[in-house]
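Position 41 of the sequence shown, counting from 1, maps to 41 under UniProt numbering, and the rest follow consecutively.
Each remark here refers to the structure printed beneath this line.
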Amino acid sequence: IILLLQDGDTALIVSARGGDYETVKLLLDNEADPNVQEWDNEHGTTALMAAINNKHHHVVELLLTKGADPNIMDNEGDIALIVSARGGDYETVKVLLDNGADPNIGQKFDCFNSPLIEATAKGYYQVVELLLTKGADPNFISE
Numbered sequence: 001i002i003l004l005l006q007d008g009d010t011a012l013i014v015s016a017r018g019g020d021y022e023t024v025k026l027l028l029d030n031e032a033d034p035n036v037q038e039w040d041n042e043h044g045t046t047a048l049m050a051a052i053n054n055k056h057h058h059v060v061e062l063l064l065t066k067g068a069d070p071n072i073m074d075n076e077g078d079i080a081l082i083v084s085a086r087g088g089d090y091e092t093v094k095v096l097l098d099n100g101a102d103p104n105i106g107q108k109f110d111c112f113n114s115p116l117i118e119a120t121a122k123g124y125y126q127v128v129e130l131l132l133t134k135g136a137d138p139n140f141i142s143e
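In structure tokens form, the structure reads like this:
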């Protein structure tokens, strides 16, 4: 199911943004693609990023268990793990890492920063510690 709304969103992205767990589950159970990106605006966000940006942890977990790719970059250069680390969201960082997010994703996409640098810059000690435990490269040089 890919129903595009007027501004390029899908029903899944709208439901994830709103934290509507039951509707997200229903859409996914009916073959909605969790990795479709918005197409008609500058963001190119996914349902996963929409849920992360609005702190809907239960929806983040559901999307990941249903195949959402945590390593997709949006059109603004953001990746789920970098956004979560920047916000100090320990719970989401952990869930992302436990579901295949690459702790060194910034290096692979030539990003300005890595999740580790983002968390360090804001003083999120627990997130920094978690990222290091999961293999984040402390020697990544930001651009």
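No residue lacks a Cβ here, since even glycine has one placed at the ideal position from N, Cα and C.
Handout entry: Alpha-carbon spacing of A80 relative to K122, whole angstroms
Key = 17 Å
Handout entry: Distance between N54 and G88 (C-alpha atoms, nearest Å)
Key = 14 Å
Exercise for the section: Assign L3 to buried or exposed, taking buried as 16 or more other Cβ atoms, counted over all protein chains shown, within 10 Å of its Cβ. Expected result: For L3, the predicted structure reports a pLDDT of 47, less than 50, and the residue's modelled location is therefore unreliable. A value from the coordinates is still provided. Looking at its Cβ environment, which holds fewer than 16 other Cβ atoms inside 10 Å, L3 is exposed.
Practice task
Report back the beta-carbon spacing between A50 and I105 to the nearest angstrom; my notes put them in contact at under 8 Å.
Solution key: Their Cβ separation, rounded to whole angstroms, is 19 Å, which puts A50 and I105 out of contact at 8 Å.
Practice task
Over the uninterrupted alpha helix (DSSP H) stretch that includes M49, give me the two end residues.
Solution key: A47 to N53
Exercise for the section: Kindly indicate which residue of N75, I52 and A101 has the alpha-carbon position closest to the one of D69. Expected result: A101
Exercise for the section: Would you tell me roughly how many angstroms separate the C-alpha atoms of P34 and G77, rounded to the nearest one? Expected result: 19 Å
Handout entry: First and last residue of the uninterrupted alpha helix (DSSP H) at Q126
Key = Y125 to T133
Problem - As assigned by DSSP and simplified to three states, the class of I79 - result: strand
Problem - Nearest to L62 (by Cα), restricted to the options S84, R86, L27 and E118 - result: L27
Practice task
Compute the Euclidean distance between the alpha carbons of T133 and A85, then round it to the nearest angstrom.
Solution key: 14 Å
Handout entry: Sequence-distant residues of its chain with Cβ nearer than 6 Å to E118 (five each side left out)
Key = I82, A85 and R86
Practice task
Just confirm the distance between the C-beta atoms of Q37 and D74, as a whole number of angstroms; I'd bet it's less than 8 Å.
Solution key: 7 Å
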